[in-house]
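Notes follow the structure.
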Amino acid sequence: MDTSIQALIRLTEGIMTKELIIEGAHRLFLQYGVKSVTMSDIASKLGLSKKTLYTYFDNKDSLLNACMETWIVSLEEKIQLLKKTSEDPLIVVFRILTVVLAALAEYKSPYLFDVRKIPSAKERQEKYRTYFWMQHVMPLLQDAQQHKILSNSVDLSFLCSVYQTVIEKFIAENAQIHARWDLLEQYQTVLLLSLNGFLTVPRSGQWIRELDILPES
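Residue 1188 in this note's numbering is what sits at position 77 of the sequence shown, and the numbering runs on without skipping anything.
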């Protein structure tokens, strides 16, 4: 076999192995949190030797950061698709926040709280959090205000902080062992009611129904 083909096969296998490690580690972090999962646990669960695992990641922090990056990339892809689903900026805002809540609903372990105790992971989390609100949500709210959909009296920075608080409360409640089974739906309703409260002109029930129609990704 041509040496270049062999090299390509090895490269492809390496990429696939790394992706599988990230996927498997992420599942473990989701289930048990970061603090309680060791590199030995990850290697054992994935059927790899620790030597192979350390070939791709120097330590658990670097693996955690890779998991976070993969999650962010996946979320960004969904957000970009959602921005194309409606010309109404408020519908897009609601859909984006709904997708974020749904993604965070998977974290029923101390994962997100563990992340905040790891400097490099916390820094990445905060960096993306700022990016998310300033580059996705804020421009859509500004667009809604410019088109007289949202009242000009609404402080958009304050509105974003309210949404952040809602999401933080959802994260805290969702991490509880006995969290309500309909918690996600309850918080989606909170977001919807808050949007309705800032409209310049009340909308019909059809608008509310349209919010629930999420296109297939």
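Glycine included, every Cβ here is placed at the ideal spot set by N, Cα and C.
Asked: To the nearest angstrom, report how far apart L1304 and E1217 are at their CA atoms.; Found: 24 Å
Asked: Going by other Cβ atoms of all chains shown within 10 Å of its Cβ, with 16 needed for buried, is E1130 buried or exposed?; Found: exposed
Asked: Could you tell me how far apart the beta carbons of F1140 and L1186 are, in whole angstroms, since I believe they sit closer than 8 Å?; Found: Not a contact, Cβ separation roughly 16 Å.
Asked: Looking at C-alpha atoms only, which residue of G1135, R1138, A1136, G1144 is the closest neighbour of R1227?; Found: G1144
Asked: For Y1218, does the three-state DSSP call read helix, strand or coil?; Found: coil
Asked: Between the stretch 1154-1167 and the stretch 1189-1209, do three or more beta carbon pairs fall short of 8 Å?; Found: no
Asked: Do you know whose CA, among K1259, E1198, F1243, Q1287, lies nearest L1223's CA?; Found: Q1287
Asked: Using a threshold of 7 Å, state whether the C-beta atoms of Y1239 and I1183 are closer than that.; Found: yes
Asked: With F1309 and L1212 assumed to form a contact (beta carbons below 8 Å), what rounded beta-carbon distance in angstroms separates them?; Found: About 19 Å separates the two Cβ atoms, so there is no contact after all.
Asked: Compare the Cα-Cα distances from L1192 to each of Q1297, E1296, H1247 and report the closest residue.; Found: H1247
Asked: Cα-Cα, which of E1134, L1261, S1220 is closest to S1077?; Found: Summary: the structure shown does not reach residue 1077, with the chain confined to residues 1112 through 1328, and so no result is reported for it.
Asked: Given a cut-off of 7 Å, decide if D1293 and S1231 are closer than it, judged by their beta-carbon atoms.; Found: no
Asked: Give me, in chain order, the residues of the same chain whose beta-carbon lies closer than 8 Å to that of T1149; leave out the 5 immediate sequence neighbours on both sides.; Found: K1171
Asked: Can the beta-carbon of Y1179 be found less than 7 Å from the beta-carbon of R1138?; Found: The amino acid occupying residue 1179 in the given sequence is Met; Tyr does not appear at that position. No.
Asked: Just the Cα atoms here: how many angstroms apart are K1161 and I1229?; Found: 22 Å
Asked: Starting from the Cα of L1251, find the closest Cα among K1233, E1237, R1206, N1285 and give me that residue.; Found: R1206
Asked: Under 7 Å Cβ to Cβ from N1263, same chain only, skipping five residues before and after it: list those, please.; Found: Q1256
Asked: By alpha-carbon positions, which one of K1194, I1132, I1190, L1261 ends up nearest to T1166?; Found: I1132
Asked: Which residue from T1209, K1259, V1265, C1271 puts its Cα closest to that of T1241?; Found: C1271
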